[in-house]
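**Q**
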Amino acid sequence: MSRDTYDARDALTAAGSQTAHEAAVTAADALREALGIERADLAVVLGSGWSGGRDAIGTEIAAVALERVPGFSAPVVPGHGGEVVAVRTPAGATALLFTGRTHLYEGRGVEAVVHGVRTAAAAGATTLVLTNGCGSVHPEWLPGTPVVIRDHINLTGATPLLGTSFVSMSDAYSPRLRAALAAVRTDLHEGVYVQFRGPQYETPAEVEYARRIGGDLVGMSTALETIAAREAGLEVLGLSLVTNPAAGIADHPLDHAEVIAAGHEAEPQLRALLADLVGVLG
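In full-length UniProt numbering, the protein residues as written are 1 to 282.
Structure follows, in structure tokens:
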């Protein structure tokens, strides 16, 4: 695994609001104690459709319910898990797997959305893998297609940053990690992820707008977490699973059950992808 020269705790202190920093440090301390680990090396957020691949990342050390960790609550979205799991990767790194996440549409505020990212950084993680289930604006990207996120467009009208936190987003999704993954998985597409606020699905007109401004994928997570991760100095890799055609692409209404079903059907290939990813991360 790459070891950058920054210290995630120092980055949080310098860049984040003190209240958010204190909450993240408190949560990280509680998490390390509950899981019996000294520090984390990387963190993985398993979004809609991805939970079946968690065993591919490594051997479980311990798990704790999210609601037992300060600042977290149980996920409300069907198909999301409710634990943070400490895992030992084949290379000996310690990974934190967040099997659920908070979304902006839950009404708990943007700080709750990014609390997991900041907690992972405070626990020592230097690399963050964000996964999600999404809609595709391209008819040829069928449900079950994994896509590496090259960039994002944030249409939520929100940000986790305050004050003069002028964070560069030029390389928000690590070119190094994307290139390393592409070297072992030449079959993967790259695309631009567009985050909407939700919870309603996008209209056909909104999907067309997303396409015209350069988007390939649409969903309700990831961009805000990436902003917070870059503020904290984390190296980010984003992975999307196409779970449905975006509105206006298919001739039937969207349904969350379709998202869950696509994840189940794609489980074997997601396990293989996550295993390849762990090999890249070391």
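For every residue, glycine included, the Cβ atom is placed at its ideal position computed from N, Cα and C. None of the values given here were measured: they were computed from a predicted structure.
Check whether the region 147-154 touches the region 167-177, taking contact to mean three or more Cβ pairs, one atom from each stretch, closer than 8 Å.
**A** Inter-segment contact for the region 147-154 and the region 167-177 is present: three or more beta-carbon pairs are separated by less than 8 Å.
**Q** Going along the chain, which residues of its own chain have a beta-carbon closer than 7 Å to the beta-carbon of Leu12, five neighbours each way excluded?
**A** In this predicted model, Leu12 has a pLDDT of only 47, less than 50, meaning its place in the structure is not dependable; the value taken from the coordinates is given anyway. Excluding sequence neighbours, Leu12 sits near His21, Ala24, Arg118, Ala121, Ala122, Ala232.
**Q** With respect to 8 Å, is the separation between the Cβ of Arg185 and the closest non-hydrogen atom of the ligand SAH below this value?
**A** With respect to small molecules bound, the structure shown includes none, and the ligand SAH cannot be examined in it.
**Q** Between the region 226-245 and the region 262-280, are three or more C-beta pairs nearer than 8 Å?
**A** yes
**Q** Could you tell me the alpha carbon to alpha carbon distance between Gly80 and Ser221, rounded to whole angstroms?
**A** The residue asked about is misnamed: residue 80 is His in this sequence, not Gly. Each residue's Cα considered, the two are about 13 Å apart.
**Q** So what's Pro175 in DSSP terms, helix, strand or just coil?
**A** Here DSSP, grouped into helix, strand and coil, assigns Pro175 to helix.
**Q** Under three-state DSSP, which class holds Ser51?
**A** DSSP, read as helix, strand or coil, puts Ser51 in helix.
**Q** Can you give the beta carbon distance from residue 371 to Thr126, rounded, assuming they're within the 8 Å contact cut?
**A** As displayed, the chain neither begins before 1 nor continues past 282, which places residue 371 out of reach and without an answer.
**Q** What is the rounded straight-line gap between the Cα of Arg230 and the Cα of Leu142?
**A** Cα-Cα distance, rounded: 30 Å.
**Q** List the endpoints of the continuous beta strand (DSSP E) containing Tyr193.
**A** Looking at the DSSP string, the run of the beta strand (DSSP E) that includes Tyr193 is 189-195.
**Q** Which residues share a DSSP beta bridge with Ala43?
**A** Leu96, Leu128
**Q** Whole-angstrom Cβ separation of Val114 and Ala228, contact assumed at under 8 Å?
**A** 4 Å
**Q** Per DSSP, which residues does Glu83 bridge with? Please list them.
**A** Ala65
**Q** Cutting at 6 Å between CB atoms, please list the residues of its own chain near Glu190, excluding the five before and the five after it.
**A** Take Glu190, set aside five residues on each side of it, and the residues of its chain with a beta-carbon closer than 6 Å to its own are Val148, Arg150, in chain order.
**Q** Is the beta carbon of Pro78 sitting closer than 9 Å to the one on Ile260?
**A** yes
**Q** In the DSSP assignment, what are the bridge partners of Arg88?
**A** Thr59, Thr94
**Q** Count the other C-beta atoms from every protein chain shown that fall within 10 angstroms of the C-beta of Ala43, then say buried if there are 16 or more, exposed otherwise.
**A** buried
**Q** Whose C-beta lies closer than 6 Å to the C-beta of Gly124 among residues of the same chain, with five residues either side of it excluded?
**A** Arg39, Ala40
**Q** Give the range of the beta strand (DSSP E) segment to which Asp151 is assigned.
**A** 146-154
**Q** Three-state secondary structure (DSSP) at Val242?
**A** strand
**Q** Sort Ser165, Val84, Phe72 by Cα distance to Ala62 and report the nearest one.
**A** Val84
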